[in-house]
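S.K.: Okay, handing you the structure first.
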Amino acid sequence: MASSSAYDVVIVGAGHAGAQTAIALRQQKFEGSIALIGAEDEPPYERPPLSKDYFLGEKTFDRLLIRPDAFWGEREVALRLGRTVTGIDVGARSVQLDDGSSIDYGDLVWAAGARTRRLTCEGGDLSGVHYVRSRSDVDRLLADLPTASRAAVIGGGYIGLEAAAGLRKFGLEVTVFEASERPLARVAGPTISRFFKAAHERRGVKVVTETTIEALEGSEGRVRAVRAGGILFPVDIVIVGIGVTPEVEVLAEAGATIENGICIDAFGATSLPHVYAAGDCASHVSRFANGARVRLESVPNANDLAATVVASIMGAPRPHEATPWFWSNQFDLRLQTVGLFGGYDREVVRGNPDTEAFSVVYLREGRVIALDCVNAVKDYVQGRKLLESGALLDVARLADASTPLKDLAAPS
Amino acid sequence: MISLTVTNREGETRDIEVAEGLSLMETLRNAGFDEIEALCGGGCACATCHVYVEGDAAAALEPLSPDEDDLLDAADARDSRSRLSCQIHCEPSMSGLHVTIAPEA
Chain A
2 MASSSAYDVV
12 IVGAGHAGAQ
22 TAIALRQQKF
32 EGSIALIGAE
42 DEPPYERPPL
52 SKDYFLGEKT
62 FDRLLIRPDA
72 FWGEREVALR
82 LGRTVTGIDV
92 GARSVQLDDG
102 SSIDYGDLVW
112 AAGARTRRLT
122 CEGGDLSGVH
132 YVRSRSDVDR
142 LLADLPTASR
152 AAVIGGGYIG
162 LEAAAGLRKF
172 GLEVTVFEAS
182 ERPLARVAGP
192 TISRFFKAAH
202 ERRGVKVVTE
212 TTIEALEGSE
222 GRVRAVRAGG
232 ILFPVDIVIV
242 GIGVTPEVEV
252 LAEAGATIEN
262 GICIDAFGAT
272 SLPHVYAAGD
282 CASHVSRFAN
292 GARVRLESVP
302 NANDLAATVV
312 ASIMGAPRPH
322 EATPWFWSNQ
332 FDLRLQTVGL
342 FGGYDREVVR
352 GNPDTEAFSV
362 VYLREGRVIA
372 LDCVNAVKDY
382 VQGRKLLESG
392 ALLDVARLAD
402 ASTPLKDLAA
412 PS
Chain B
252 MISLTVTNRE
262 GETRDIEVAE
272 GLSLMETLRN
282 AGFDEIEALC
292 GGGCACATCH
302 VYVEGDAAAA
312 LEPLSPDEDD
322 LLDAADARDS
332 RSRLSCQIHC
342 EPSMSGLHVT
352 IAPEA
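So the protein sequences, as listed, match chains A and B.
Quick note: the first sequence, position 376, residue 377 per my numbering, numbers continuous.
Quick note: the second sequence, position 59, residue 310 per my numbering, numbers continuous.
What follows is the structure, given as structure tokens:
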């Protein structure tokens with residue numbers, strides 16, 4: 002006989018969005034019962050360090066925990082770890098788990114995140130091919146490192162470049178393969194792409210663009226080479242960072258509206274009654290994207306959407322309007338980004354990229370819509386305020402890095 | 252052990268004993284001060300672990316780095332007592348420090 006239980010709020014997904022939903026509910030004195038269901042065996046932990054401090058051995062796993070183990074019990078959040086939800090009965094307000102049990106909910110928060118896109122070419126399933134999404138992914142990778150001297154990184158996005166930086170610190174020969182014409186093409190403009198390509202090359206990383214992987218070749222079940230552009234590159238390990246797919250299938254089957262992720266309204270609600278969504282799996286209409294629907298993959302977005310959902314559950318709904326931001330650390334380079342660059346009509350560079358401290362301001366119709374700041378914290382902080390103010394800019398002075406961004410709002 | 256006095260956003264104050272080795276941010280979070288968001292995980296990339304530090308022990312802290320100084324400018328409630336708690340390493344010389352969680356940015 003399958004067991005069943007009931008909670009006022011059931012949160013599916015124990016990543017940043019799910020954990021923050023539970024934390025914020027208790028912080029706001031929510032008195033109902035809460036269950037947090039996670040697919041992995043670990044209690045909620047931070048993912049960004051997986052490609053940075055944890056990978057490099059600078060932080061142990063317990064320092065990645067979003068809250069200490071005891072927290073969840075003390076706050077009366079029931080953790081169901083190592084479990085996934087396989088179905089939802091929206092009418093009965095009940096979720097089915099992969100162990101055959103079911104849990105009834107008052108409100109459901111879908112925060113199941115996203116899964117890594119897998120390499121589908123021949124040889125993609127060889128051992129020595131790694132992903133960087135979960136602790137177990139990275140532990141497997143670390144176990145493989147001591148015997149490796151040559152690495153291929155497939156995908157020149159943030160994850161790929163962070164992994165490449167880590168691998169260089171371990172002393173490996175590293176080649177990054179990017180299918181498009183430049184790294185970071187999905188998330189930044191050409192100046193930033195050029196800069197990071199050059200900065201990686203200065204630090205010994207090879208960056209190969211406009212090249213798709215034809216196959217991975219191996220022997221005895223283990224990867225030995227990458228075939229790309231007709232050339233065979235010998236390797237000992239491969240790290241794949243080619244993006245993620247949002248976890249939407251269970252909600253889609255239950256009838257939720259899906260459009261590049263689970264559609265939520267300004268209050269975090271999906272199209273299904275009593276079902277909210279937050280984090281990497283959810284898409285929302287953003288004023289920072291000129292009113293387009295966006296799905297953002299970041300910790301700040303996970304936390305901000307969780308806050309929006311919690312406000313709705315607490316009966317004090319307020320529209321979601323958090324400013325998107327993000328950061329990436331590669332070697333001694335710290336990129337801080339704010340806003341969404343898509344749809345810019347002009348980019349202005351402040352400072353000289355060759356000094357490795359500069360920023361790029363993305364404009365649309367004379368207003369700041371995003372900034373990418375490399376080792377330029379002042380521009381990040383002041384630029385964020387300019388962006389949020391929506392002020393028209395004195396564009397002529399923008400390129401002069403000696404003029405602080407805060408002085409650039411054009412007189413109205 | 253290091254003794255700290257901590258005041259949360261609701262104005263409640265309690266004393267905690269903490270170990271060396273972690274950052275003040277991690278220590279506060281582990282001690283149940285849930286208001287510490289620390290979204291960037293302690294990398295000095297945001298300002299969501301903003302606190303005020305006071306008392307004689309505050310003067311003994313390592314001074315702010317230029318990056319921390321710049322990031323604190325993002326906080327509306329910044330004043331002369333402001334620090335990012337992820338940038339303070341817990342050590343015995345801190346005993347007696349009074350930490351107040353700063354208002355939300």
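Here a beta-carbon is modelled for each residue, glycine too, at the ideal position from N, C-alpha and C.
Pull out every residue of the segment 16-29 of chain A whose Cβ sits closer than 9 Å to any Cβ of chain B, in chain order.
M.R.: Taking 9 Å as the Cβ-Cβ cut-off against chain B, the residues of the segment 16-29 of chain A that qualify are H17, Q21, I24, A25, R27 and Q28.
S.K.: Just the C-alpha distance for A/P247 and A/Y132, rounded to the nearest angstrom, thanks.
M.R.: Near 16 Å, if we compare the C-alpha coordinates of A/Y132 and A/P247.
S.K.: Have a look at A/G88 and B/E288 and give me their C-alpha separation to the nearest angstrom.
M.R.: Distance between the alpha carbons of A/G88 and B/E288: 32 Å.
S.K.: What is the rounded straight-line gap between the Cα of A/T117 and the Cα of B/D266?
M.R.: Roughly 44 Å separates the two Cα atoms.
S.K.: Could you tell me which whole beta strand (DSSP E) segments of length 3 or greater appear in the segment 251-331 of chain A?
M.R.: List check, beta strand (DSSP E) in window: 276-278, 283-287, 293-295 and 326-331.
S.K.: Taking the Cβ atom as the reference point for each residue, do A/L409 and A/L394 lie within a distance shorter than 8 Å?
M.R.: A contact, by the Cβ cut-off of 8 Å.
S.K.: Would you check if the segment 104-115 of chain A and the segment 17-32 of chain A touch, i.e. whether three or more CB-CB distances between them fall below 8 Å?
M.R.: Yes: the two stretches touch, three or more of their Cβ pairs being nearer than 8 Å.
S.K.: A/S34 to A/I12, Cα distance in whole Å?
M.R.: If you take the alpha carbons of A/S34 and A/I12, they lie about 11 Å apart.
S.K.: When the cut-off is 8 Å and only beta carbons count, does B/D318 lie next to chain A?
M.R.: True, the Cβ-Cβ gap to chain A drops below 8 Å.
S.K.: Taking C-beta pairs closer than 7 Å, name the residues in chain A that B/N259 reaches, listed in chain order.
M.R.: Per Cβ cutoff of 7 Å: no residues; B/N259 is ~10 Å from chain A at best.
S.K.: How about A/K60 and A/P49: are their beta carbons less than 8 Å apart?
M.R.: Result no, Cβ atoms of A/K60 and A/P49 do not sit closer than 8 Å.
S.K.: Would you list the one or two residues that DSSP bridges to A/L109?
M.R.: DSSP output for A/L109 lists A/V11 and A/V276 as bridge partner(s).
S.K.: Can you give me the C-alpha to C-alpha distance between A/G14 and A/R288, rounded to a whole angstrom?
M.R.: The alpha-carbon atoms of A/G14 and A/R288 are separated by roughly 27 Å.
S.K.: By DSSP, does A/S194 sit in helix, in strand, or in coil?
M.R.: Reduced to three states, the DSSP call for A/S194 is helix.
S.K.: Which chain A residues sit within Cβ distance under 8 Å of B/E277?
M.R.: In chain order: R64.
S.K.: Does DSSP put A/Q337 in a helix, a strand or coil?
M.R.: Strand, per DSSP.
S.K.: Exposed or buried, which one is A/N304 when buried takes at least 16 other CB atoms within 10 Å?
M.R.: Per the 10 Å Cβ criterion, buried.
S.K.: Using 10 angstroms around the beta-carbon of A/N330, count the other beta-carbons present and answer buried if the total reaches 16, otherwise exposed.
M.R.: So A/N330 counts as buried.
S.K.: Sort A/G74, A/D63, A/Y55 and A/H321 by Cα distance to A/L37 and report the nearest one.
M.R.: Comparing Cα-Cα distances from A/L37 to each of A/G74, A/D63, A/Y55 and A/H321, the minimum goes to A/G74.
S.K.: Could you pull the start and end residues of the beta strand (DSSP E) that A/K207 belongs to?
M.R.: Run containing A/K207: V206 to V209, per the beta strand (DSSP E) assignment.
S.K.: Rounded to a whole number of angstroms, what is the C-alpha to C-alpha distance between B/P354 and B/E261?
M.R.: If I take the Cα positions, the gap works out to 10 Å.
S.K.: Can you tell me whether A/R68 is helix, strand or coil according to DSSP?
M.R.: A/R68: coil per DSSP, three-state reduction.
S.K.: Distance check for B/L323 and A/V382, CA to CA, integer angstroms please.
M.R.: So the two alpha carbons sit approximately 9 Å from each other.
S.K.: Should the segment 274-293 of chain B be called in touch with the segment 338-345 of chain B, which here means at least 3 C-beta pairs below 8 Å?
M.R.: They touch, by the three-pair rule.
S.K.: Is it right to say A/Q29 is buried, meaning 16 or more other beta carbons lie within 10 angstroms of its own, or is it exposed?
M.R.: Label assigned to A/Q29: exposed.
S.K.: Considering B/D266, what are the terminal residues of the beta strand (DSSP E) in which it resides?
M.R.: Unbroken beta strand (DSSP E) run through B/D266: T264 to V269.
S.K.: Ordered along the chain, which non-local residues of its own chain (more than five positions away) have a Cβ less than 7 Å from that of A/M2?
M.R.: Confidence is the limiting factor: at A/M2 the pLDDT is only 47, short of 50, which leaves the residue's position unreliable, though a coordinate-based value still follows. Closer than 7 Å at the Cβ level, and outside the excluded window around A/M2, lies no residue.
S.K.: Name, please, each residue of chain B whose Cβ falls closer than 9 Å to the Cβ of A/N330.
M.R.: G294 and A296, listed in chain order.
S.K.: Kindly confirm or deny that the segment 119-134 of chain A and the segment 97-110 of chain A touch, where touching means at least three C-beta pairs closer than 8 Å.
M.R.: The answer is no - the segment 97-110 of chain A does not touch the segment 119-134 of chain A, with fewer than three Cβ pairs under 8 Å.
S.K.: When you compare the CB of B/A325 with every CB in chain A, is at least one pair closer than 8 Å?
M.R.: Yes, B/A325 lies at the interface with chain A (some Cβ there is under 8 Å from its Cβ).
S.K.: So which residues on chain A does B/E288 lean against when the C-beta distance must stay under 8 Å?
M.R.: Simply N304.
S.K.: In angstroms with no decimal places, state the Cα-to-Cα distance between A/A308 and A/R151.
M.R.: Cα-Cα distance, rounded: 43 Å.
S.K.: Pull up the distance between the alpha-carbon of B/T351 and that of B/L279, whole angstroms please.
M.R.: Distance between the alpha carbons of B/T351 and B/L279: 11 Å.
S.K.: Could you tell me the distance, in whole angstroms, from the CA atom of A/L109 to the CA atom of A/R68?
M.R.: Near 22 Å, if we compare the C-alpha coordinates of A/R68 and A/L109.
S.K.: Tell me which same chain residues have a C-beta within less than 7 Å of the C-beta of A/F359, skipping the five on either side of it?
M.R.: If we look at A/F359 and ignore the five residues flanking it on each side, its Cβ neighbours are V350, R351, G352, N353, V375 and A377.
S.K.: Along chain A, in chain order, which residues have C-beta atoms closer than 8 Å to that of B/C337?
M.R.: None at all; the shortest Cβ gap to chain A is about 12 Å.
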